[in-house]
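**Q** Questions regarding the structure given below will be posed in turn.
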Amino acid sequence: MDSTQSCGCSCTPGSGSLPCGCTQGKKETPGISTATSTITLANRFDHFLARWGVNRMGHTVRPGLYRLGNPDAGSPVFASANYTLSFDALRSALAGVDAYILVLNTNGINVWCAAGKGTFGTAELVRSIEWSDLAHVVRHRTIILPQLGAPGVSWPEVMRRSGFRVEYGPVRASDLPGYLKNHTATPEMRSVRFPFADRLVLIPVELVHAALPTAAGALILFFLAGPLAALAAVMAVLAGTVAFPLLFPLLPTRDFSSKGLILGTIAALPFAGAFASNTTGPVWMNAAGTGMALLIMPPVTAYLALNFTGCSTSTSRTGVKNEIFRYVPVMAVMAASGVLLGILLGLPGWLGVF
Amino acid sequence: MFDSYRVNTLRYYPDRCINCGMCSRVCPHGVFVPGSETAVLAAPVSCMECGACALNCPVQAISVQSGVGCAWAMISAAIRGKDMDSGECSCGGEPGSCCGTALEKPE
Numbered sequence: 001m002d003s004t005q006s007c008g009c010s011c012t013p014g015s016g017s018l019p020c021g022c023t024q025g026k027k028e029t030p031g032i033s034t035a036t037s038t039i040t041l042a043n044r045f046d047h048f049l050a051r052w053g054v055n056r057m058g059h060t061v062r063p064g065l066y067r068l069g070n071p072d073a074g075s076p077v078f079a080s081a082n083y084t085l086s087f088d089a090l091r092s093a094l095a096g097v098d099a100y101i102l103v104l105n106t107n108g109i110n111v112w113c114a115a116g117k118g119t120f121g122t123a124e125l126v127r128s129i130e131w132s133d134l135a136h137v138v139r140h141r142t143i144i145l146p147q148l149g150a151p152g153v154s155w156p157e158v159m160r161r162s163g164f165r166v167e168y169g170p171v172r173a174s175d176l177p178g179y180l181k182n183h184t185a186t187p188e189m190r191s192v193r194f195p196f197a198d199r200l201v202l203i204p205v206e207l208v209h210a211a212l213p214t215a216a217g218a219l220i221l222f223f224l225a226g227p228l229a230a231l232a233a234v235m236a237v238l239a240g241t242v243a244f245p246l247l248f249p250l251l252p253t254r255d256f257s258s259k260g261l262i263l264g265t266i267a268a269l270p271f272a273g274a275f276a277s278n279t280t281g282p283v284w285m286n287a288a289g290t291g292m293a294l295l296i297m298p299p300v301t302a303y304l305a306l307n308f309t310g311c312s313t314s315t316s317r318t319g320v321k322n323e324i325f326r327y328v329p330v331m332a333v334m335a336a337s338g339v340l341l342g343i344l345l346g347l348p349g350w351l352g353v354f
Numbered sequence: 355m356f357d358s359y360r361v362n363t364l365r366y367y368p369d370r371c372i373n374c375g376m377c378s379r380v381c382p383h384g385v386f387v388p389g390s391e392t393a394v395l396a397a398p399v400s401c402m403e404c405g406a407c408a409l410n411c412p413v414q415a416i417s418v419q420s421g422v423g424c425a426w427a428m429i430s431a432a433i434r435g436k437d438m439d440s441g442e443c444s445c446g447g448e449p450g451s452c453c454g455t456a457l458e459k460p461e
């Protein structure tokens with residue numbers, strides 16, 4: 001696993017956009033780069049693009065050891081991921097602190113996700129400590145990790161293999177100034193929340209991912225069933241991608257899918273009403289429209305809501321699997337019945353029977 | 355009803371606990387809290403099976419089948435005929451892993 005072949009970053013010519021920190025052998029020690037605590041306009045633009053999912057894997061920092069301020073052999077060492085949002089949160093929180101930052105190679109993925117996958121993990125941490133020659137840069141043997149790196153890191157293993165003691169700092173880098181006063185974190189600093197602002201920033205990337213299939217679906221519906229049906233499709237998706245994250249804690253029940261079904265039904269009600277009160281077409285046609293809105297919109301919203309589990313901060317794999325097995329069949333049956341209803345009742349109309 | 359998260363794979367063996375306090379330090383949901391003799395399993399249903407406590411417990415007093423609770427990853431894996439539990443499609447893997455939504459939260 002060590003040195004020569006374990007460097008995970010992309011060294012193949014043509015595939016990487018940034019200069020890669022890989023070395024061919026163990027002997028060659030990379031230099032220490034310099035970082036500041038200033039977040040520039042260019043950094044903010046990069047964060048903006050990352051939030052919109054533009055060049056998703058490209059928001060990377062070169063892995064390796066960084067000097068922040070004027071650190072000496074007694075200065076603290078912090079570990080981070082090579083994702084710009086992670087690295088920038090850390091360096092800006094450490095304004096005025098002389099420290100070293102060891103950036104692990106997580107393929108441009110944030111600390112928590114990378115830890116879940118194991119790329120922000122024991123092996124990469126030990127490798128980075130050895131490769132950066134950290135033991136000769138600092139006198140002490142402590143490295144401060146973000147708490148959310150813990151799902152990938154085993155501190156006894158890191159200690160055994162590198163001699164470094166892992167200290168888990170707070171969840172959020174912004175709590176570091178408080179934490180560093182006596183190196184203890186309050187229960188508040190140790191807990192993950194999912195406040196409005198954190199949910200808000202996730203919406204753009206949800207929208208971007210849903211945009212193309214939604215546009216295609218709305219276009220097809222526009223020609224098959226008219227503008228109201230096309231609008232209904234867009235509204236079902238907006239309910240799942242925008243309203244769901246915003247209203248998340250307010251929606252009743254614990255499961256994401258049931259929350260989504262409730263929200264989707266609320267979104268469907270105006271359309272069901274509009275179809276029902278339509279005075280122009282035949283009655284059975286309006287009934288079909290109402291039925292379709294109530295049968296198809298809720299499962300669309302619920303499916304998007306279910307897929308939001310990965311963005312949330314509290315779902316267990318066991319629970320999500322339960323949700324999939326419980327609700328996906330319900331969603332499928334509802335949507336299929338709605339479509340069938342549309343075909344059965346809409347077909348004579350399209351064929352010009354009436 | 356409407357709560358799929360009541361059961362999970364977290365198991366705690368307090369007789370092995372040496373009260374080092376590491377589990378309550380790494381848990382982001384207050385599942386473990388410090389106690390006088392041993393760590394206390396205070397909120398088992400809040401566990402998200404991230405595995406941090408078990409991995410950092412020096413005496414294996416905690417076990418959990420850790421994984422990422424991401425429906426997108428599991429459904430993507432199922433569609434591609436892969437093991438839903440393998441985490442192959444979750445974020446944080448190789449570039450081009452099939453999960454489309456990154457959990458872009460922590461620092």
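Protein chains in written order, with the working numbering: chain H, 1 to 354; chain C, 355 to 461. The beta-carbon is built from N, C-alpha and C at its ideal position, and this holds for glycine as well.
Return the CA-CA distance between H/Thr36 and H/Ala95, expressed in angstroms with no decimal places.
**A** To locate residue 36 of chain H, count along the first sequence from 1; it is residue 36. To locate residue 95 of chain H, count along the first sequence from 1; it is residue 95. Spanning the two alpha carbons is a distance of roughly 8 Å.
**Q** What three-state label does DSSP hand H/Thr290 in the structure shown?
**A** Here residue 290 of chain H is taken as the residue at index 290 of the first sequence, counted from 1. Of the three classes helix, strand and coil, the one that applies to H/Thr290 here is helix, per DSSP.
**Q** Determine the direct distance from the alpha carbon of H/Gly342 to that of H/Pro146, and round the result to whole angstroms.
**A** Indexing the first sequence from 1 puts residue 146 of chain H at position 146. Indexing the first sequence from 1 puts residue 342 of chain H at position 342. In a straight line, the C-alpha of H/Pro146 is about 53 Å away from that of H/Gly342.
**Q** Do you know whose CA, among H/Asn110, H/Gly338 and H/Asp98, lies nearest H/Thr34's CA?
**A** By one-based count along the first sequence, residue 34 of chain H stands at place 34. Cα-wise, what sits closest to H/Thr34 is H/Asp98.
**Q** Report the residues of the segment 386-401 of chain C with a CB closer than 9 Å to any CB of chain H, ordered along the chain.
**A** Within the segment 386-401 of chain C, the residues whose Cβ lies closer than 9 Å to some Cβ of chain H are Val387, Ser400 and Cys401, listed in chain order.
**Q** On the premise that H/Asn110 lies in contact with H/Ser86, defined as a C-beta separation below 8 Å, what is that separation, rounded to the nearest angstrom?
**A** Numbered from its first residue, the first sequence carries residue 86 of chain H at position 86. Numbered from its first residue, the first sequence carries residue 110 of chain H at position 110. Right, their Cβ atoms sit about 5 Å apart.
**Q** When we look at the beta-carbon of H/Lys181 and count the other beta-carbons within 10 Å, is it buried (16 or more) or exposed?
**A** Stepping through the first sequence from its first residue, residue 181 of chain H is reached at position 181. Under this definition H/Lys181 is an exposed residue.
**Q** Please classify H/Val103: does DSSP put it in a helix, a strand, or coil?
**A** Your numbering for residue 103 of chain H matches position 103 in the first sequence. Strand, per DSSP.
**Q** Rounding to the nearest angstrom, what Cα-Cα distance links H/Ile262 and H/Pro298 in this structure?
**A** Numbered from its first residue, the first sequence carries residue 262 of chain H at position 262. Numbered from its first residue, the first sequence carries residue 298 of chain H at position 298. C-alpha separation (whole angstroms): 7 Å.
**Q** Closer than 9 Å, Cβ to any Cβ of chain A: which residues of the segment 357-375 of chain C, in chain order?
**A** Note that chain A does not occur in the displayed structure, where the protein chains are H and C.
**Q** Give, in chain order, every residue of the segment 164-195 of chain H whose Cβ lies closer than 7 Å to some Cβ of chain C.
**A** Flagged, chain order: Tyr168, Val171, Arg172, Ala173, Pro187, Arg190, Ser191 and Val192.
**Q** Counting only beta-carbon separations shorter than 8 Å, does C/Ile429 have a partner in chain H?
**A** Working through the second sequence from its first residue, we reach residue 429 of chain C at position 75. True, the Cβ-Cβ gap to chain H drops below 8 Å.
**Q** Would you identify the three-state DSSP class for H/Val77, choosing helix, strand or coil?
**A** Counting from one through the first sequence, the residue named residue 77 of chain H turns up at place 77. Strand at H/Val77.
**Q** Which bits of chain C does H/Ile324 rub up against, with CB to CB less than 7 Å?
**A** Taking the first residue of the first sequence as 1, we reach residue 324 of chain H at position 324. Those within 7 Å of H/Ile324 in chain C are Ala425, Met428 and Ile429.
**Q** Just curious, the alpha helix (DSSP H) that H/Val126 is in, first and last residue?
**A** As a first step, residue 126 of chain H must be located in the first sequence, where it is residue number 126. Per DSSP, H/Val126 belongs to the alpha helix (DSSP H) from Thr122 to Trp131.
**Q** Any beta carbon of chain H sitting closer than 8 Å to that of C/Pro412?
**A** The residue you call residue 412 of chain C lines up with position 58 of the second sequence. At least one chain H Cβ lies under 8 Å of C/Pro412.
**Q** For H/Gly64, which three-state DSSP category applies?
**A** The sequence position of residue 64 of chain H within the first sequence is 64, counting from 1. Residue state, collapsed to three classes: strand.
**Q** Anything in chain H within Cβ reach of C/Ser420, meaning under 7 Å, just list it in chain order.
**A** What you label residue 420 of chain C is simply residue 66 of the second sequence in a count that begins at 1. By Cβ distance, chain H contributes Pro151.
**Q** Out of C/Ala415, C/Asp357, C/Glu403 and C/Ser400, which has the shortest C-alpha to C-alpha gap to C/Asp462?
**A** Outside the displayed span of chain C (355 to 461) sits residue 462 of chain C, for which this structure offers no information.
**Q** Who does C/Val387 pair with in a DSSP beta bridge?
**A** Along the second sequence, read from residue 1 onward, the residue named residue 387 of chain C stands at position 33. Answer is C/Val394, bridged to C/Val387.
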